[in-house]
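Undergrad: Can you read through this structure? Questions will come right after.
Numbering (my numbering), first residue to last: 3 to 248.
As structure tokens, this is what we get:
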């Protein structure tokens, strides 16, 4: 029984190598070409003033990100993943009173956009996941949504403590799906964060993630067709080749 197990482990390792290393290796090559072109161009120009302009612009964006959190909602600081994970696993805390609000959503969107634009070492997975969870809580807490759910008796009784966490799981899946354009990855990430998972929640997360990726792709296609929005395609071969040509 050990030989098939070793063969299976070897196949998994080769699959991981193929799916992970080779695409990143090709992407690294395109980045090297882009950096070489930028270096060659900078040698013939006055690069010192441009460097300080770039530095000052990044510092301004970073300051704006911190200021937005300080003025609008300090609860938007951080990635938001630990808090969402705690909420999905049944933790009740007074901190959550300000964690799922409109002000926190606005501060999260503005702050994360400015922080990513300032070249800080941070990603968009946590902010997008937090933003999707906030929208889920706002929707599930509205009186209009409760009335609609109570009227749809064939869907069962609307239980706030249970169903609001299901909505947060769907919102988290949509956030990860938006950040990486990966609907299946969003569902698996939401499933990973939750210790309690119902079978009905699987297809619901898949449905909202599918709708999310359709909206994201359609919005990007509209922006690209009406202007210069190639940066929204970063991560794809089309976007990277366009950036190298520029």
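We put the CB at the ideal spot given by N, CA and C, even for glycine. Predicted model, so just to flag it, every value in this text is computed and none were measured.
#1: In terms of residues, what are the limits of the alpha helix (DSSP H) holding residue 94?
#2: Can you tell me whether residue 131 is buried or exposed? The criterion is at least 16 other CB atoms within 10 Å of its CB, across all chains shown.
#3: Count the other CB atoms within 10 Å of the CB of residue 56; is the residue buried (16 or more) or exposed (fewer)?
#4: For the alpha helix (DSSP H) containing residue 196, name the first residue and the last one.
#5: Using the Cβ count rule (16 or more neighbours within 10 Å means buried), how would you classify residue 61?
#6: Do you know how far the Cα of residue 121 is from the Cα of residue 54?
#7: Would you mind working out which of 205, 199, 196 and 182 sits nearest residue 215, comparing C-alpha positions?
#8: Considering only residues of the same chain and omitting the five flanking positions on each side of residue 224, which have a CB-CB separation below 8 angstroms?
#9: Which class does residue 190 belong to by DSSP, given the choice of helix, strand or coil?
#10: DSSP three-state call for residue 122: helix, strand or coil?
#11: Use the C-beta contact count for residue 227: other C-beta atoms within 10 angstroms, 16 or more gives buried, fewer gives exposed.
#12: Please work out which residues of its chain come closer than 8 angstroms, Cβ to Cβ, to residue 139, disregarding the five sequence neighbours upstream and downstream, and give them in chain order.
#13: For residue 220, is the classification buried or exposed, using 16 other Cβ atoms within 10 angstroms of its Cβ as the cut-off for buried?
#14: Does DSSP put residue 80 in a helix, a strand or coil?
TA: A quick look at the data gives this:
#1: In this chain, residue 94 is not harboured by any alpha helix (DSSP H), its DSSP state being neither H nor E.
#2: Under the 10 Å beta carbon count, residue 131 is surrounded by 16 or more other beta carbons and is classified as buried.
#3: exposed
#4: Note, residue 196: premise wrong, no alpha helix (DSSP H); not H, not E.
#5: Of the other Cβ atoms in all chains shown, fewer than 16 fall within 10 Å of the Cβ of residue 61; this residue is therefore exposed.
#6: 14 angstroms
#7: 182
#8: none
#9: Three-state result, residue 190: helix.
#10: coil
#11: A residue is called buried once 16 or more other Cβ atoms fall within 10 Å of its Cβ, and residue 227, having fewer, is exposed.
#12: 102, 166, 169, 170 and 173
#13: With fewer than 16 other CB atoms across the displayed protein chains lying within 10 angstroms of its CB, residue 220 is exposed.
#14: Residue state, collapsed to three classes: coil.
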